[in-house]
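Here the structure is laid out as structure tokens; the discussion comes afterwards.
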Amino acid sequence: MHRIGFLSPHRPGPPPPLVRRLRATTRSTRFRFERAAAGRARGAVRAEPLLTPVHLSLRDSRTLNVALAAPDAGSPDRARLLISRGARRRAFPLVLERHAAGPALLTATATLRDLRDGVWRLTVETRDAEGRVRRRGLTPAEEPAPPATPTLPYAPDPLSGTLVRIVRSRGGRAVLQATGRRKGRRRRCRRRH
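Position one of the sequence shown corresponds to residue -16 (our numbering), numbered consecutively onward.
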């Protein structure tokens, strides 16, 4: 008598070490190429010097906070922060904040959810009263001394596992490097007997 039943689906194990090394090498090469490309000036940005932000930080790979000194010649009619990679672009308004104790600032809080793997350019776009548009890149903030606690300056998104970091491109420009959770990586759970 033959038993008729269903075979359990084949669960592929982890890829061999050579395949893992090849994937890691391909990914790091792609990131180096994208960082170099993101650091090159494009069009009108070529003659514009980079802006040094008063504040530039990330929180849990989900929120980017930017603060810039407002221009002395009066606030622009419109200012925004552009985060772009190839044809993909996101725009966030820069808001003028006046402080009694200090200079006026242009600030933005950008949500980075669903940021795909790759290197993303940071650009500040301003438009004056005459309609002239300026686009300038940002320099990364100086790295503070490492903390005395066992914490890291960057943390992955707790929901997606994507890690976003602010890195310096070859041209000195600040860019965002997003690294998604690698496919095939699974959590191993130990059973207690």
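For each residue, glycine too, the CB sits at the ideal point set by N, CA and C.
Three-state secondary structure (DSSP) of residue i
i	result
residue 4	helix
residue 181	It is not possible to answer for residue 181, since the shown part of the chain is limited to -16 through 176.
residue 109	strand
residue 12	helix
residue 163	coil
Distance CB(residue i)-CB(residue j) smaller than 8 Å
i	j	result
residue 50	residue 36	yes
residue 178	residue 93	The question about residue 178 has no answer, for the chain in this structure spans -16 to 176.
residue 33	residue 119	yes
residue 39	residue 62	no
residue 123	residue 157	yes
residue 81	residue 74	no
Buried/exposed call for residue i, threshold 16 Cβ in 10 Å
i	result
residue 104	buried
residue 60	exposed
residue 4	exposed
residue 71	exposed
residue 45	buried
Supposed close pair residue i, residue j - CB separation, criterion 8 Å
i	j	result
residue 162	residue 100	6 Å
residue 107	residue 160	Contact flag wrong, Cβ pair sits at about 19 Å.
residue 139	residue 146	4 Å
Between the CA atoms of residue j and residue i - distance to the nearest angstrom
i	j	result
residue 69	residue 83	40 Å
residue 41	residue 150	11 Å
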